[in-house]
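Accompanying notes for the structure given below.
In this note's numbering, the protein residues as written are 201 to 1128.
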């Protein structure tokens, strides 16, 4: 059905054009909720162009009016802006650009004659139309609209290019798919375009709907990923801020300790005590001592301060430096640094509401108390400040009822909040904007940070996060929001890729259908091909997780044979290899283990991205993990000529809350990187220390320091990007560039953090922070009976009898490998079964062999799963005590957990470490 007949008046056609444009434009934007006001598939541009071509160029006017209305609704809907003269001018510019774009595209494709038909039945005509009406003409609307917005100040100049490209791309994609679809209703010649309604219009309509829904779903996934990445960065930043704020409280506690230790602290003693904190902590305006003085003793007190070197010392009240009133004062006696703070000397804390209330609360609670945000007495630049008071008593352990009479005064720390926040937030992610608010009283007050929070509220942003931070009896709120996509999130790249690919496919299909209209067979073939491609793409997406599992299994199986037999050759004492052959064998093993590490890294990164990585955290003693990681990289350090040292043990009975395997993985990665990217004769040093504070749970810092190549700022900014080796591929060929990315994610998942400080040419320092936990004391040692072993590691008391072992495995190479490995255990008789059925027969046929004392079992077998065999073994009382060792190339965590829960003694993944296999066999047989 055509939209209007040939006799329909131009006014009616104009109304229809306006309504169609508005409805389609709003629908396009509604399907793209993550990009405010900009659609990745703006079909209205294509439909409007088709209506201008089919009904005359006067339709460019309702197209422009419709565009202005759509932009107004989108701005009010997404951005909640106020309508004023400037915003109306922006909406008008959008309408002007869209109308002019539709008119120009019609003029360029039809020529000077507006009644010229567009049959679009030849390849060159179709290609010319799509090129001119799409990418070229769509430059107009984006350029006009965004140039006006920048000129009117509603669009920052640095955002012009990215917004321009998004707008242009959305219009272009909309024209490529929307214009041919609408031309089937209004195009000329009418008969030709009417024939194309079913074979061209309906498929393009379906493609547009599917693409719109697909883009929306992908954008939703992109948004979820961006939110997760933003929250990780925000939480890490909040933890860093929390940790650094604690340092200021430590400073007040240290100064209070000076007064607890002495009844008469001199000015020089106070200066020495304060100088350390002034150099260690940034953003401090002053550290000082305020002494409680009765009003009657005030002249004597002032005279004593003048005699002490402060010639014009005088106690005063604010706001106009008046003489103090009241029965007592709390006068500022010492202040450091004295330079820049002279005006504050003599200030009476009780003369100002903010300081008086904080001082009173501190003396009543015997705790550090911060004031509300205010202008400091000595502040010359009107910067906001906060003062933290820590009371001092004549009797340090005075009880609550005695404190009021025993208070001597208070030490204080004055913070210039802008300077403090700048220092604390140094190194925070560049895409984050941060401000600190005091929300204690319910009405947030701006403390410092981004000026956008001056009103007490952060600006509205798609990604924002607030963290409440109790600090010195105040409730501070750290507000964070993103102004750019997180580098860990990835942004809307996948949805744009899907939109471009999907529209390209739809446009190609439309062009093909335009050429072969009337050829039903070829049309059906084209539709079937497009359907198969779409189904193949969907199937490929669904098979992603299956592929990851299969990839691990299929790659580990040949690696098992390669690495296993190379280990057996290295252990063969009857036919030892010469030095040259041993060196070549070592190269084979190194290449194989490196390939296995790459497979594990890629799988880990994929599990992290999909959120399927599971950790089992438990209290762990740190020294064994450090020594285990040191043993793994010891040979590499020797080979590279690097001195490796580990010290800094934790206090007794303290450990870390972590996953043992993943902790060892992080430590090994940090140590191997420190060795590989070092200089000849360099050194790597590892320290561990327990960090405790009043406001934070205890943490363990593991610091790995090297004096190697180091990194510049540009390299540090890219350090945690996957597959980015910072241009050092030639320096060290090993690695994939994702080890540090995985390590940082693992640290975050275990409640910790991984940070780096580096100087180019001087080395790097990586700090792994993990939650600290107290450990239970070890049980008393009991002497185990000594068991003598022969040179092959076999118990001499068990070597005299035959031990029957059953191995269920269908791969001949794996079978041969285990047989070769067990040749060093002559007392073992190995029975091999290639299927579950054969394994059950060997297990229960006492005529063929005795009941096995140990079972080695693969998971993936031709007739059933090894897990089924394990369940049958553990369900039979006769075979239930037999230990079962799983040996499989399937390293997926869910498979390992399932086997261990079913009763397996252990789970060894291929490629098998021969030493580990023999150790398990020896230990399990020794228990029988």
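All C-beta atoms in this analysis are idealised placements derived from N, C-alpha and C, irrespective of residue type, glycine included.
Span of the alpha helix (DSSP H) around residue i
i, result
"residue 439", "402-461"
"residue 487", "Looking at the DSSP string, residue 487 is not in any alpha helix (DSSP H); the run it does join, the beta strand (DSSP E), is 484-494."
"residue 894", "Segment: none, residue 894 is in no alpha helix (DSSP H) and carries neither H nor E."
"residue 320", "It is not in any alpha helix (DSSP H) - residue 320 carries neither H nor E in the DSSP assignment."
"residue 386", "360-386"
"residue 272", "260-274"
"residue 559", "553-565"
"residue 1162", "This structure does not reach residue 1162, given that the chain is present from 201 up to 1128, and the question cannot be answered."
"residue 913", "913-917"
"residue 1017", "1012-1021"
"residue 290", "285-310"
Three-state secondary structure assigned by DSSP to residue i
i, result
"residue 975", "coil"
"residue 816", "coil"
"residue 601", "coil"
"residue 721", "Any answer about residue 721 is weak, because its pLDDT of 38 lies below 50 and its placement is not dependable; what the coordinates show is given next. Residue 721 falls in the helix class under three-state DSSP."
"residue 500", "helix"
"residue 965", "strand"
"residue 1037", "helix"
"residue 1082", "coil"
"residue 992", "In this prediction, residue 992 scores a pLDDT of 39, lower than 50, which makes its location untrustworthy; no coordinate-derived value is stated."
"residue 639", "coil"
"residue 942", "helix"
"residue 887", "strand"
"residue 862", "helix"
"residue 905", "strand"
"residue 391", "helix"
"residue 399", "helix"
"residue 983", "Confidence is the limiting factor: at residue 983 the pLDDT is only 48, short of 50, which leaves the residue's position unreliable, though a coordinate-based value still follows. Here residue 983 sits in coil by DSSP."
Segment limits, beta strand (DSSP E) that includes residue i
i, result
"residue 618", "Segment 617-624 is the alpha helix (DSSP H) holding residue 618; no beta strand (DSSP E) there."
"residue 1057", "1054-1057"
"residue 953", "953-959"
"residue 534", "528-536"
"residue 341", "Premise fails: residue 341 lies in the alpha helix (DSSP H), 339-352, not in any beta strand (DSSP E)."
Contact set for residue i: own chain, Cβ-Cβ below 7 Å, skip 5 residues either direction
i, result
"residue 340", "297, 300, 301, 304"
"residue 852", "none"
"residue 290", "348, 349, 352, 354"
"residue 828", "864"
"residue 817", "857, 858, 859, 950"
"residue 1064", "1036"
Cα-Cα separation, residue i to residue j
i, j, result
"residue 630", "residue 348", "29 Å"
"residue 209", "residue 406", "31 Å"
"residue 257", "residue 216", "14 Å"
"residue 896", "residue 945", "22 Å"
"residue 524", "residue 633", "43 Å"
"residue 724", "residue 356", "Residue confidence for residue 724 is low, a pLDDT of 47 falling below 50, so the modelled location carries little weight; the figure read from the coordinates is stated next. Between residue 724 and residue 356, the C-alpha separation is close to 50 Å."
"residue 914", "residue 836", "28 Å"
"residue 1109", "residue 1115", "13 Å"
"residue 987", "residue 938", "Interpretation of residue 987 is limited by its pLDDT of 41, a score under 50 that renders its predicted location unreliable; no figure is taken from the coordinates."
"residue 727", "residue 1013", "48 Å"
Same chain, Cβ closer than 8 Å to residue i, neighbours up to 5 away in sequence not counted
i, result
"residue 241", "228, 231, 232, 370, 373, 374, 377, 408, 411, 412, 415, 699, 703"
"residue 1062", "1010, 1034, 1035"
"residue 984", "Only weak support is given to the placement of residue 984: the predicted model assigns it a pLDDT of 44, under 50, and the value that follows is read from those uncertain coordinates. Result list for residue 984: empty, nothing under 8 Å."
"residue 214", "258, 259, 261, 262"
"residue 741", "Note that residue 741 scores 48 on pLDDT, short of 50, meaning its location in the model is unreliable; the coordinates nonetheless yield the value given after this. Result list for residue 741: empty, nothing under 8 Å."
Neighbourhood of residue i by C-beta distance below 6 Å, restricted to the same chain and skipping five residues each side
i, result
"residue 1029", "1002, 1004"
"residue 901", "889, 891, 967, 969"
"residue 248", "221, 263, 302"
Next item on the list: Examine the Cβ distances between the stretch 865-872 and the stretch 646-653 and report whether three or more of them are shorter than 8 Å.
Entry: Taking 8 Å as the limit for Cβ pairs, the verdict is that the stretch 646-653 does not touch the stretch 865-872.
Margin query: When you compare the stretch 353-360 with the stretch 329-344, are there three or more beta-carbon pairs, one atom per stretch, that lie closer than 8 Å?
Written below: No, the stretch 353-360 does not touch the stretch 329-344.
Next item on the list: Flag this pair as touching only if the stretch 614-625 and the stretch 429-446 have three or more C-beta atom pairs under 8 Å; answer yes or no.
Entry: A contact exists between the stretch 614-625 and the stretch 429-446.
Next item on the list: Indicate whether the contact test is met: 3 or more Cβ pairs, each with one atom in the stretch 294-308 and one in the stretch 260-269, closer than 8 Å.
Entry: Yes, the stretch 294-308 is in contact with the stretch 260-269.
Check: How about the stretch 669-685 and the stretch 650-659: do they share at least three Cβ pairs that are nearer than 8 Å?
Finding: Taking 8 Å as the limit for Cβ pairs, the verdict is that the stretch 650-659 does touch the stretch 669-685.
Margin query: So, does the stretch 954-972 touch the stretch 897-911, judging by three or more C-beta pairs under 8 Å?
Written below: Proximity of the stretch 954-972 to the stretch 897-911 meets the contact definition, three or more beta-carbon pairs being nearer than 8 Å.
Check: Would you say the stretch 440-457 touches the stretch 512-524, given that touching needs at least three Cβ pairs under 8 Å?
Finding: Proximity of the stretch 440-457 to the stretch 512-524 falls short of the contact definition, fewer than three beta-carbon pairs being nearer than 8 Å.
Notebook entry, point to check: Would you call the stretch 1043-1059 and the stretch 1068-1077 in contact, with 3 or more CB pairs under 8 Å?
Noted result: Yes, the stretch 1043-1059 touches the stretch 1068-1077.
Notebook entry, point to check: Is there contact between the stretch 461-469 and the stretch 414-428, where contact requires at least three CB pairs shorter than 8 Å?
Noted result: Taking 8 Å as the limit for Cβ pairs, the verdict is that the stretch 414-428 does not touch the stretch 461-469.
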